[in-house]
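Peer 1:
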Amino acid sequence: MTHVDDYDLKLLTLLQSNGRLTNQELSDLVGLSASQCSRRRINLEQANLILGYHARLSPDAIGLGMVGLIEVRLINHTAEYVDSFHRMVEQEEAIVDAYKTTGDADYLLKVAVADLNSLSALISQLVAGHQSVSHVKTSVVLGRLKENGLMMISEHKAR
Numbered sequence: 001m002t003h004v005d006d007y008d009l010k011l012l013t014l015l016q017s018n019g020r021l022t023n024q025e026l027s028d029l030v031g032l033s034a035s036q037c038s039r040r041r042i043n044l045e046q047a048n049l050i051l052g053y054h055a056r057l058s059p060d061a062i063g064l065g066m067v068g069l070i071e072v073r074l075i076n077h078t079a080e081y082v083d084s085f086h087r088m089v090e091q092e093e094a095i096v097d098a099y100k101t102t103g104d105a106d107y108l109l110k111v112a113v114a115d116l117n118s119l120s121a122l123i124s125q126l127v128a129g130h131q132s133v134s135h136v137k138t139s140v141v142l143g144r145l146k147e148n149g150l151m152m153i154s155e156h157k158a159r
């Protein structure tokens, strides 16, 4: 494991909120030279502490304005059923995030779809199309207050 010092933590925090910061901008914010920031950024990437740089898109921008959270319970946890479920999660584009959880559900899926009919079809596919799934419980997201660690200011003010 790579040793992460206070400068690395500052770099990670700054890049998490804005991955487009240049090394010079990081230098000004952190107090290191631009070349030191560049070397540290490369080291953090090579240590897989920075997994990538992405544009965070509005679901509405790509026609996927309905977000749902689906709790999934498997029939049992044999390797065959778990692998089958994991393959489905990997292949289903509507599944944005998937988490293995404790509690009543085995997994929590965050999905983004175009509309209620698409959500209904996805739920039917989960239940009927996969022998490993025994139960689903779905919640529709009415508003996003905080996402990816950032407050969704426009939606928060529109309460």
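For reference, each letter of the sequence shown is one residue, going 1 to 159 in UniProt numbering.
Ideal Cβ placement from N, Cα and C applies to all residues, glycine included.
Model, not experiment: these values are computed from the prediction.
What did DSSP end up calling isoleucine 42 once you bin it into helix, strand or coil?
Peer 2: Three-state result, isoleucine 42: helix.
Peer 1: For a test of the three-state rule: what should DSSP assign to alanine 55, helix, strand or coil?
Peer 2: Here alanine 55 sits in coil by DSSP.
Peer 1: When the Cα of leucine 150 is compared with those of Val67, Leu14, Val141, Ala47, which residue comes out closest?
Peer 2: Taking only the C-alpha atoms, the option nearest leucine 150 is Leu14.
Peer 1: Would the segment 27-34 count as touching the segment 73-81 if we require 3 or more Cβ pairs under 8 Å?
Peer 2: Touching, no.
Peer 1: Whose C-beta lies closer than 8 Å to the C-beta of isoleucine 123 among residues of the same chain, with five residues either side of it excluded?
Peer 2: Around isoleucine 123: Ile70, Val136, Thr138.
Peer 1: What are the boundary residues of the beta strand (DSSP E) that includes threonine 138?
Peer 2: It spans 133-140 - the beta strand (DSSP E) in which threonine 138 sits, taken as one unbroken run.
Peer 1: Where do the ends of the alpha helix (DSSP H) carrying glycine 129 lie?
Peer 2: Where glycine 129 is concerned, the enclosing alpha helix (DSSP H) stretches over 116-129.
Peer 1: Out of curiosity, what's the CA-to-CA distance linking isoleucine 75 and glutamate 93?
Peer 2: Cα to Cα, isoleucine 75 sits roughly 23 Å from glutamate 93.
Peer 1: Ignore the nearest five residues each way along the sequence and tell me which others in valine 96's own chain have a CB closer than 7 Å to its CB.
Peer 2: Answer for valine 96: Lys110, Val111, Ala112, listed in chain order.
Peer 1: In terms of alpha-carbon separation, which member of Ser27, Ser134, Leu126, Val4 lies closest to arginine 87?
Peer 2: Ranking the options by Cα distance to arginine 87, first place goes to Leu126.
Peer 1: Measuring alpha carbon to alpha carbon, tell me which of His130, Val141, Asp8, Asn148 ends up nearest glutamine 91.
Peer 2: Nearest option by C-alpha distance: His130.
Peer 1: Quick one: give me the first and last residue of the alpha helix (DSSP H) that valine 72 is part of.
Peer 2: Here valine 72 belongs to no alpha helix (DSSP H); instead the beta strand (DSSP E) covers 66-74.
Peer 1: My assumption, with CB atoms under 8 Å, is that asparagine 117 sits in contact with arginine 56. Please give the rounded CB distance.
Peer 2: Not confirmed; about 26 Å, so no contact.
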